[in-house]
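Asks: Numbering (the working numbering), first residue to last: 42 to 200.
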Amino acid sequence: MMTKLRVVALASLLTVAVVGWQWSQSETLYAAQPQDVANDAEPVESDMHEFMEYVFQPTYLRLKPLMSVTEPDNKTWKSIKADSLILAEGGNLLLIRQPEENAVDWVKHSVHVRDFGGQLYRAAKAKDYPLARKNYESMVENCNACHHQFAHGEHILNP
Numbered sequence: 042m043m044t045k046l047r048v049v050a051l052a053s054l055l056t057v058a059v060v061g062w063q064w065s066q067s068e069t070l071y072a073a074q075p076q077d078v079a080n081d082a083e084p085v086e087s088d089m090h091e092f093m094e095y096v097f098q099p100t101y102l103r104l105k106p107l108m109s110v111t112e113p114d115n116k117t118w119k120s121i122k123a124d125s126l127i128l129a130e131g132g133n134l135l136l137i138r139q140p141e142e143n144a145v146d147w148v149k150h151s152v153h154v155r156d157f158g159g160q161l162y163r164a165a166k167a168k169d170y171p172l173a174r175k176n177y178e179s180m181v182e183n184c185n186a187c188h189h190q191f192a193h194g195e196h197i198l199n200p
C-alpha cells in the first residue's frame, strides 16, 4: 500500500512538473525591439498651469523653508538635494513645452532654471550653505523673470 502511494505521489509530481514546464514554454513574452519605441520627449500634461502646479509648486514649497535653515543637518541637506535636483531636471522638462511666441526667451529661462537648480544641487552635495543660498536665490529670481514675461506677473515667488 505504501509503495503504491509513493508511485502515485511521484507520478503526480512528475505530471505537475511537465505541465508547468510546457505552460511556461508556451507563455514566453518578448520585449519590444528598441526600433519599435519612439525616442521623443512628449509632455504628459500639456497645460502649463497644471504642470507648474503639480511639478514645480510642491517642490518649491518644500524647498523654501529648508533654505532658511542656516546650518542644515544631514536630513535637511538630503531634502535640499532632492528638491533642487527635481527643480533642475524640471528645467529640462520646460524645454519640451516651448510656447509659440517668445520661444527663445522661454528656452533661456528654462536653461537658467536647470543651471541654477543644478548649481544648488551641487552646493548642497558639498554642504556649502552660502553657495547653496546664492544659487537658490538666483533660481527664484529667474523663475520670477519668467513669470513676469509669461504669466503676466502672477505667481511671483519670495525666496
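In this text, a Cβ means the ideal position worked out from N, Cα and C, and glycines have one as well.
Values in this document were obtained by computation on a predicted structure and should not be read as measured data.
For Lys119 and Leu161, what's the separation of their Cα atoms in angstroms?
Replies: Straight-line Cα distance between these residues: approximately 12 Å.
Asks: If you draw a straight line from the C-alpha of Met127 to the C-alpha of Phe191, how long is it?
Replies: Strictly speaking, residue 127 in this sequence is Ile, with Met absent from that position. If I take the Cα positions, the gap works out to 22 Å.
Asks: Indicate the three-state DSSP secondary structure (helix, strand or coil) for Pro171 in the structure shown.
Replies: Reduced to three states, the DSSP call for Pro171 is helix.
Asks: Indicate whether Asn183 and Phe157 have their beta-carbon atoms separated by less than 9 Å.
Replies: Result yes, Cβ atoms of Asn183 and Phe157 sit closer than 9 Å.
Asks: Here's the rule I'm using: 16 or more other beta-carbon atoms within 10 Å means buried, otherwise exposed. How should Arg155 be labelled?
Replies: The residue is buried, with at least 16 neighbouring Cβ atoms inside 10 Å.
Asks: Which complete alpha helix (DSSP H) runs does the region 92 to 165 hold, if anything under 4 residues is left out?
Replies: The qualifying runs are 98 to 107 and 115 to 136.
Asks: Thinking just about the alpha-carbon of each residue, which of Glu91, Ala129 and Asp114 is nearest to the one in Asp169?
Replies: Checked all of Glu91, Ala129 and Asp114; the closest Cα to Asp169 is Asp114.
Asks: Taking Arg138 as the reference, give the member of Ile121, Ala164 and Glu91 with the closest Cα.
Replies: It is Glu91.
Asks: Applying the 10 Å Cβ sphere with the 16-neighbour rule, what's the burial state of Leu102?
Replies: Exposed, because fewer than 16 other Cβ atoms sit within 10 Å of the Cβ of Leu102.
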